[in-house]
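Q: Quick one: this structure, given as structure tokens, is what I'll be asking you about.
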Amino acid sequence: MSAQQDTLGYRTSKFVLRHKAGVIAAAVAMVALLAGLTAILHEARVARQQAQRAERRFNDVRKLANSLIFELHDSIKDLHGATPARKLLVSRALEYLNSLSAEAKSDASLQRELAGAYERIADVQGQPRQANLGDPTGAVDSYKRALTIRESLASANNADLEVRRELVPNYAKLSDLLWSSGNPSSAMEYSAKAFSLAEALYKADPHSQADRFLLASYRMDHGYKQAVVSGNRAEGLENLSQGSAMLEQLASEDPHNLKVRRLLALSFSREAEILAEDANTRPQTLELYKKSIAAKQALVAADPTNAEFQRLVAYDRFTLAGLLSAMGGRSAALS
């Protein structure tokens, strides 16, 4: 009887026969391991699906909340007797935003959304340049919450220019509110921040139309505040004039941009307001008011249902009437 050939299969079978119990135990352990691994992979897949569903639900809730907070508010803000409902919406919105802020620490896009929401809430609470709920203290707090988020995002990512662009009007709105609330020094501090940041963005890319508009807007705004709030008339008029010149250039490049044309018209009336304080510049003041009224009437013609444009024309006419009356032109003032 010949000896069996020494192959791998032969040696393996001999090993199994000699160590049957150990091989069986190892096989059982391997099957258990594979079963456990399969269960783990299944659970991971289920957890991933649940996480995706949870994220979808969270985003749906965010979308619904933003709709209720802002779209619903904007749809009722001009209705007679809507103030209690607007206050309730703001109160509920703040509760939602404050709870959401705890979840947003590691999510930059959610933090930006939060900052924008806090800013809009602040506008409703007490922004003096629009109809508001008369809550300047609450508005200051909301503006500062938005600033804290945006300054943190800007510090964490120097390349994020959009966050810096959002910071500029945030600073300026807080400045407006502090000025109207009787805090001129803090108002000028935030106005200077808005102007400085807008200038830095413009210098980084002088060809960017968005950054040119930003600088023009907040150079003009800061100049007006320098002259009116700080009493720095000469420097204020210079900044205001330079901002107006930039706005005129932008308006010539894009004559259908009503946002640019509105600010340009405002720059005329703001410069006129400052010059009106000096009797020697009254003729120049009159021409600026007429120029402002013409520019604002053109805005009304372009958008006849825009109540704000109509109010701007009415306000300039009223102010011009007072100026004409002070100059002895009673008939012209009455007309």
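Here my numbering is used: the first residue of the sequence shown is 1, the next is one more, and so on. Every residue, glycine too, gets a C-beta built ideally from N, C-alpha and C.
1) Who are the Cβ neighbours of Y118 in its own chain at under 8 Å, not counting the five residues just before and after it?
2) Give every residue of the same chain whose Cβ lies closer than 7 Å to the Cβ of Y224, excluding the five residues on either side of it in the sequence, and list them in chain order.
3) Kindly list the residues whose CB is nearer than 7 Å to the CB of F337, restricted to its own chain and excluding five residues on each side of it in sequence; keep chain order.
4) Using the rule of at least 16 other Cβ atoms within 10 Å of the residue's Cβ for burial, across every protein chain shown, is M1 buried or exposed?
5) Which two residues bound the contiguous alpha helix (DSSP H) that contains N157?
6) Measuring straight from C-alpha to C-alpha, what distance separates P304 and D74?
7) Is it the case that the region 173-187 contacts the region 198-212, given that we only count it when at least three CB pairs across the two stretches are under 8 Å?
8) Of the residues A115, Q111 and L174, which one's Cα is nearest the Cα of G126?
9) Assign K105 to one of three DSSP states: helix, strand, or coil.
10) Are the region 102-117 and the region 156-175 touching, with three or more C-beta to C-beta distances below 8 Å?
11) When you compare each of Q242, L89, A294 and R233 to L275 by their alpha carbons, which one comes out closest?
12) So, is P136 buried or exposed, given that buried needs 16 or more other C-beta atoms within 10 angstroms?
13) Check this for me: beta carbons of Y190 and L178, under 8 Å apart or not?
14) Given that a residue counts as buried once 16 or more other Cβ atoms are within 10 Å of its Cβ, and exposed if not, what is G134?
15) For a test of the three-state rule: what should DSSP assign to V229, helix, strand or coil?
16) In this structure, does DSSP put D135 in helix, strand or coil?
17) Rounded to a whole number of angstroms, what is the C-alpha to C-alpha distance between A192 and M327?
18) Helix, strand or coil: how does DSSP classify H42 here?
19) Let me confirm a value: Q249 is counted as buried when at least 16 other C-beta atoms fall within 10 Å, else exposed. Which label applies?
20) Going by alpha carbons, who is nearest to A156 out of E253, R112 and A321?
21) Looking at C-beta atoms only, is the number of pairs between the region 285-292 and the region 259-273 that lie closer than 8 Å three or more?
22) Quick one: what does DSSP say M1 is sitting in, helix, strand or coil?
23) Can you tell me whether A301 is buried or exposed? The criterion is at least 16 other CB atoms within 10 Å of its CB, across all chains shown.
24) Using 10 angstroms around the beta-carbon of V260, count the other beta-carbons present and answer buried if the total reaches 16, otherwise exposed.
25) Taking the alpha-carbon of A216 as reference, which of A245, K203 and A204 has the nearest alpha-carbon?
26) Given a cut-off of 8 Å, decide if S267 and G231 are closer than it, judged by their beta-carbon atoms.
27) If you draw a straight line from the alpha carbon of S101 to that of N158, how long is it in whole angstroms?
A: The structure says:
1) Here residue 118 refers to the residue found at position 118 of the sequence shown. These residues qualify, in order along the chain: L97, S142, Y143, R145, A146 and I149.
2) What you label residue 224 is simply residue 224 of the sequence shown in a count that begins at 1. Closer than 7 Å at the Cβ level, and outside the excluded window around Y224, lie G236, L240 and R270.
3) Look at the range of the chain in this structure, 1 to 335, and you will see that residue 337 is not part of it.
4) Along the sequence shown, read from residue 1 onward, the residue named residue 1 stands at position 1. With a pLDDT of only 48 at M1, under the threshold of 50, the placement of this residue in the model should not be trusted; the figure read from the coordinates follows. Residue burial annotation: M1 is exposed, with fewer than 16 other C-beta atoms found within 10 angstroms of its C-beta.
5) Translated into positions along the sequence shown, residue 157 becomes position 157. It is not in any alpha helix (DSSP H) - N157 carries neither H nor E in the DSSP assignment.
6) On the sequence shown, residue 304 is found 304 positions in, with the first residue counted as 1. On the sequence shown, residue 74 is found 74 positions in, with the first residue counted as 1. Approximately 20 Å between the Cα atoms of the pair.
7) Touching, no, given that fewer than three Cβ pairs across the two stretches are closer than 8 Å.
8) Here the question's residue 126 lines up with position 126 in the sequence shown. Ranking the options by Cα distance to G126, first place goes to L174.
9) Taking the first residue of the sequence shown as 1, we reach residue 105 at position 105. In the structure shown, K105 sits in coil (DSSP, three-state: anything other than H, G, I, E or B).
10) Yes: the two stretches touch, three or more of their Cβ pairs being nearer than 8 Å.
11) Reading the sequence shown from its first residue, position 275 is the one you call residue 275. Of the listed residues, the one whose Cα sits closest to L275 is R233.
12) Translated into the one-based positions of the sequence shown, residue 136 becomes position 136. Buried, because 16 or more other Cβ atoms sit within 10 Å of the Cβ of P136.
13) On the sequence shown, residue 190 is found 190 positions in, with the first residue counted as 1. On the sequence shown, residue 178 is found 178 positions in, with the first residue counted as 1. Yes, they are a contact pair.
14) Within the sequence shown, residue 134 is the residue found at index 134, counting from 1. It counts as exposed.
15) Sequence index remark: in the sequence shown, residue 229 carries index 229 (1-based). Coil.
16) Here residue 135 refers to the residue found at position 135 of the sequence shown. If DSSP states are grouped into helix, strand and coil, D135 belongs with coil.
17) Taking the sequence shown and counting its residues from 1, one reaches residue 192 at position 192. Taking the sequence shown and counting its residues from 1, one reaches residue 327 at position 327. If you take the alpha carbons of A192 and M327, they lie about 36 Å apart.
18) Here residue 42 refers to the residue found at position 42 of the sequence shown. Looking at H42 - three-state DSSP - the assignment turns out to be helix.
19) On the sequence shown, residue 249 is found 249 positions in, with the first residue counted as 1. Label assigned to Q249: exposed.
20) As a first step, residue 156 must be located in the sequence shown, where it is residue number 156. Closest by alpha carbon: R112.
21) Judged by Cβ distances under 8 Å, the region 285-292 makes contact with the region 259-273, as three or more pairs qualify.
22) Numbered from its first residue, the sequence shown carries residue 1 at position 1. Any reading at M1 must be qualified, since the residue scores a pLDDT of 48, below 50, and its modelled position is unreliable; no value is offered.
23) Taking the sequence shown and counting its residues from 1, one reaches residue 301 at position 301. Flag for A301 reads exposed.
24) Sequence index remark: in the sequence shown, residue 260 carries index 260 (1-based). With 16 or more Cβ atoms within 10 Å of its Cβ, V260 is classed as buried.
25) For the purposes of this step, residue 216 is taken as residue 216 along the sequence shown, with counting starting at 1. Nearest C-alpha to A216: A245.
26) As a first step, residue 231 must be located in the sequence shown, where it is residue number 231. As a first step, residue 267 must be located in the sequence shown, where it is residue number 267. No, these two residues do not count as a Cβ contact at 8 Å.
27) Reading the sequence shown from its first residue, position 101 is the one you call residue 101. Reading the sequence shown from its first residue, position 158 is the one you call residue 158. S101 and N158: Cα-Cα distance of roughly 22 Å.
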